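First the structure, in the form of structure tokens, and then the observations on it.
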Amino acid sequence: MDDGTLAGPQPVNLLGLLRYIPTSTLWTTIVVSLLAGAANIVVVAMISRRLTAGDGLSLLFVVQFGLAVLVVVTLDFSGKWLLLRLTAGTGYQLRTDLSRRILQTPLAQLETIGAPRLLAALTDDVKTLVHALNQTPNVAMGAAILIACFGYLTWLSPPTLLLAALLTLPALAGQIWLRGKARQKWAATLIARDELYRQYRMLTEGSKELKMHRGRRFAFLEKLLLPTALQHETLSVQAHTLHHLAATWTQAIYFIFVLALFGLAASWQLSGDVLTTFVLVALYARTSLNGLFSALPFLSDASVAAQRLEQMGMRLTQDSVPTERITIAPVLPVHLRLCQLQHTYRVENDENLFHLGPISLEMASGELIFLIGGNGSGKTTLAKLLLGLYTPESGQIEWNGKGVIDETIDDYRQLFSVVFADFFLFDQLLGLEKMAGDEEAQAYLKKLQLSHKVQMSNGALSTLELSTGQRQRLALLTAYLEDRPVYLFDEWAAGQDPEFKELFYRQLLPELRNRGKLVIVISHDDHYYDTADRIVKLDSGQIEYDRRKG
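Numbering-wise (the numbering used here), the sequence shown opens with residue 20 and increments by one.
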């Protein structure tokens, strides 16, 4: 199982994520931040000169100071307003893009990643990235003020630049080392978070089993959930502590810089007025320095989150995923041919690899085919290959004489209406609004003996709170309404009572075949094998036999 371990927490360039921010708004925000930095220095310089002048206030100074403050306040407000504009749609764009990428990711890769990690990506990781992008204006404004402060100090006394450069080296060295350690801790934190999400899923989906067994419930809490939650909390605290240590280290270097200015004032022949200005500007710069330090943890955490998304195949720094085109499955006679398909995969909780194939089959419209075999014989894997959800390692699928390739795989999938063994029910007829109305859906509900339980209104089902067998029938409803050329049912009748099982095999399946559909049924119900036109049996990933009726 993929534990999500990072292969060395190498930083990811976050500049590519800026494409989620409108370019014009971003540059306007940066320019306003730079102007605000310059305006703040002007105000500080005015205060410094007034303190060292020693004379009273003049009307000219009051007017100049008032105008300067007005400019600072206006730029500050503009920066905050632009920040709101900047971040308003960022989370939406990130989640939309990530959702599209998940939908376009191969099923086998999604199964390897797992639902808990995908959920964490859509929630926590996106939130981390949004927080980092939100810091962009603050970083720009803080950097602008620091540059302006040091520029002003250098103008007052050029040797100041040399002193700042000398002290920057240990400050940077400490920052790089401590932030690197913090990144490692945060990477471990996210691995613990993914495991915590997996256990939350156990908690919610296994609540009945936990309630029924006191020992299991105690062991789950004490041996799984609580230790993982504690590990996640501990690693998170350690990561942020290292970030705080990095900030503290640089602040210590900063105060050494201020102290050195006092010590060197005499040798540099700095007057008291200039020294006062130095202190005022240096103290003012410290506020911006703190702002920068507060943003760095967000940027570091976002770098780790972006790296984990890249490991999942969700590289957000690439161009946006194009909007999918909507196509309607062709209502034509279908001939499918599987040519020497082979696929290898690792069985869950087993170190051995399972090999399916080579499989060669031909299927056509108007056939009712049963795919049978023992558990683990490869039936569901073959079905996913047939559906185009898995990519075969070798061999090819032909659709009406043409090979299915990457460019046509999605069109090929539109041939199929499928009810999986682990199906998911949507409470709305998504994508079927123009193909089926409430009256048609209600007629099928009656046929499926569900009209007394479920109503259809404006394309939405009134409830999904039904028994397992009834939910299976609702899944069958959606398949009926899709009305596609090929139907595949994976152990559909396993949860049905004898009466409806009889209806399914003796009436519903033959009706679909008689309508010209190709119907493929994965089943263990040998009592109904006589309804099939063909029976294909798998054993250990190989076709044992392919028998036609009669």
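Yeah, the Cβ is synthetic: ideal placement off N, Cα and C, and Gly gets one too.
As the structure is a prediction and not an experimental result, all values here were calculated from the model.
The DSSP-derived three-state label of glutamate 412 is coil. Note on geometry: alpha-carbon atoms of arginine 532 and histidine 150 lie some 55 Å from one another.
The Cβ-Cβ distance between leucine 254 and threonine 179 does not fall below 8 Å. For arginine 553, there is no enclosing alpha helix (DSSP H); the residue is part of the beta strand (DSSP E) that begins and ends at 553-558.
Phenylalanine 297 is positioned such that its CB atom lies no closer than 8 Å to that of leucine 182. Around tyrosine 463, the same chain offers Leu496 and Tyr499 as residues with beta carbons nearer than 6 Å, after the five sequence neighbours per side are excluded. DSSP places glutamine 270 within a helical segment (H, G or I) once states are collapsed to three. Burial is judged here by how many other beta carbons sit within 10 angstroms of a residue's own beta carbon; valine 92 has fewer than 16 and is exposed. Classified as buried, tyrosine 171 has 16 or more neighbouring CB atoms from the shown chains inside 10 Å of its CB.
Scanning its chain for C-beta atoms nearer than 6 Å, with the 5 sequence neighbours on each side dropped, one finds around leucine 197 the residues Leu261, Leu264 and Ala265, in chain order. Within the model, the alpha-carbon separation for isoleucine 562 versus serine 384 is close to 21 Å.
Under the 10 Å beta carbon count, tryptophan 205 is surrounded by 16 or more other beta carbons and is classified as buried. Burial state of phenylalanine 237 is exposed, judged by a 10 Å Cβ sphere holding fewer than 16 other Cβ atoms.
For a cut-off of 8 Å, the C-beta gap from phenylalanine 373 to glycine 560 is around 6 Å, short enough to register as a contact. Proline 135 counts as buried, since no fewer than 16 other beta carbons sit within 10 angstroms of its beta carbon. For arginine 534, there is no enclosing alpha helix (DSSP H), as DSSP gives it neither H nor E. By the Cβ-count criterion, valine 82 is exposed, with fewer than 16 other Cβ atoms from all chains shown falling within 10 Å of its own Cβ.
Histidine 251 sits in a helix when the DSSP states are folded into three classes.
DSSP places histidine 232 in the coil class of the three-state scheme, outside both helix and strand. Contact between alanine 324 and threonine 147 holds, with the beta-carbon distance rounding to 4 Å and staying under 8 Å. In the displayed model, glycine 376 falls within a strand according to three-state DSSP.
Short of 6 Å from the beta carbon of alanine 127, and not among the five residues preceding or following it, lie these beta carbons of its own chain, in chain order: Tyr409. Counting of Cβ neighbours within 10 angstroms places tryptophan 46 among the exposed residues, the total staying below 16. Shown here for isoleucine 554: same chain residues with a beta carbon closer than 7 Å to its own, the five before and five after excluded, namely Phe389, Ile391, Tyr548 and Arg566 in chain order.
Straight across, the Cα-Cα distance linking alanine 304 with isoleucine 164 is about 7 Å. The residue among Gln257, Gln218 and Ala271 with its C-alpha nearest the C-alpha of threonine 247 is Gln218. Distance from the CA of phenylalanine 274 to the CA of leucine 78, rounded to the nearest whole angstrom, comes to 37 Å. In this structure valine 437 touches leucine 507 by the C-beta definition: roughly 5 Å separates them, less than 8 Å.
If you draw a 10 Å sphere on the C-beta of glutamine 489, you find 16 or more other C-beta atoms in it, and that means buried.
Going by beta carbons, alanine 201 and alanine 258 fall inside the 8 Å limit. As DSSP reads the structure, tyrosine 364 sits in a beta bridge with Phe373.
Within the same chain, Val473 and Gln474 come within 7 Å of serine 481 by CB-CB distance, once the 5 residues on both sides are set aside. Leaving aside the five residues that flank leucine 54 on each side, the residues in its chain whose CB is nearer than 7 Å to its CB run, in chain order, Leu94. Between leucine 522 and glycine 478 the beta-carbon gap is near 26 Å, outside 8 Å, which marks them as no contact. For glutamate 458, the three-state secondary structure derived from DSSP is helix. By a beta-carbon distance limit of 8 Å, valine 300 contacts cysteine 168. Their separation comes to about 5 Å.
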